[in-house]
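J.: Pasting a structure here, questions to come.
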Amino acid sequence: MNGWGMIQGTVDKADEDRYRVLVEAVTDYAIYMLDRSGTVTSWNAGAERFKGYSASEIIGQHFSCFYTEEDREAGLPSRTLETAARDGKFETEGWRVRRDGTPFWAHVVVDPILDPSGKLTGFAKVTRDLTERKKAEEEIRKNQEQFQRLVQGVTDYAIYMLDPEGVITSWNSGAERIKGYSADEIIGKHFSQFYTPEDRERGSPQSALEIAAREGRVEREGWRIRKDGTAFWSHVVIDAIRHE
């Protein structure tokens, strides 16, 4: 949206009108204009669809009405315009408020509009509703927290995470009980130290990771070593973790 100010200064009125018609027809994005003080001066169909205001209701109102009360008290609307004017763009994500008072998670871009001489005449604001994505992210976060609490409470199994190289990145209470290391002692160490010297020399730790990476899982039984040097017979499962 950086080109709006220059379009007004360099194209003929027919092209400008066609551009305005295109913007007004967009429904997936709220695209609207503000004057220098932040008063709404134009309003497209997308803005009406997910903010809930008709053009006749909102044009002439200050754009701060879209912000939460906390953000207004913190001065976020004015800082948004100040940053856009100073830096040439303002971009962020955060909660905004619809006409009916319901919040939605928004991706917001604000561009300053300059006349041909470089004077600030207003702002172009583009908002996208990302509420569903935000809800999905929150659900994933909650599930991860619940899983971590569940894992940490397990004492009959050593459950821990490794990075792709085999370095330990998490450690549950069962791992501490069975292997004898506290989380502070073992996180950041390589998991090969749980293997016998003979298995390390044979490359068993690296082989296990390679098989898990290739096939998705490796399952074995064998001797492992505790912190105090005592050996125990273990059933081991390593699952590969892949990002979607």
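This note's numbering puts the sequence shown at residues 794 to 1037.
The beta carbon of each residue, even a glycine, is placed where N, CA and C say it ideally should be.
Just to confirm, is the Cβ distance from G839 to R892 under 7 Å?
T.: Taking the first residue of the sequence shown as position 1, residue 839 is located at position 46. Taking the first residue of the sequence shown as position 1, residue 892 is located at position 99. Against a cut-off of 7 Å, the Cβ pair of R892 and G839 comes out as no contact.
J.: Look at the alpha carbon of M826 and the alpha carbon of F856, and state the distance between them as a whole number of angstroms.
T.: Position 33 of the sequence shown holds residue 826. Position 63 of the sequence shown holds residue 856. Distance between the alpha carbons of M826 and F856 is about 10 Å.
J.: What do you get for W1026, buried or exposed, if any count of 16 or more other CB atoms within 10 angstroms of its CB means buried?
T.: Taking the first residue of the sequence shown as 1, we reach residue 1026 at position 233. So W1026 counts as exposed.
J.: Check whether the Cβ atoms of F984 and R1017 sit closer than 7 Å, and answer yes or no.
T.: Position 191 of the sequence shown, counted from the first residue, corresponds to residue 984. Position 224 of the sequence shown, counted from the first residue, corresponds to residue 1017. No, the Cβ-Cβ distance between F984 and R1017 is not below 7 Å.
J.: Suppose the cutoff is 6 Å on Cβ atoms and the five residues either side in sequence are ignored; what does the same chain contact list for G1009 look like?
T.: The residue given as residue 1009 occupies position 216 in the sequence shown. Taken in chain order, the residues that qualify are A1033.
J.: Go through its chain and collect everything with a Cβ distance to S871's Cβ below 6 Å, but skip five positions before and after it.
T.: Numbered from its first residue, the sequence shown carries residue 871 at position 78. Once the five neighbours on either side are set aside, S871 has no close Cβ partner at all.
J.: Under 7 Å between the Cβ atoms of E937 and N965?
T.: For the purposes of this step, residue 937 is taken as the residue at position 144 of the sequence shown. For the purposes of this step, residue 965 is taken as the residue at position 172 of the sequence shown. First, the amino acid is wrong: residue 937 is Gln here, not Glu. Taking C-beta atoms as the reference points, Q937 and N965 fail to come closer than 7 Å.
J.: Mind checking whether W898 and L923 have CB atoms under 7 Å apart?
T.: To locate residue 898, count along the sequence shown from 1; it is residue 105. To locate residue 923, count along the sequence shown from 1; it is residue 130. In contact: W898 and L923 (Cβ atoms closer than 7 Å).
J.: Are V903 and Y822 close, meaning C-beta to C-beta below 7 Å?
T.: Walking along the sequence shown from the start, residue 903 turns up at place 110. Walking along the sequence shown from the start, residue 822 turns up at place 29. No, the Cβ-Cβ distance between V903 and Y822 is not below 7 Å.
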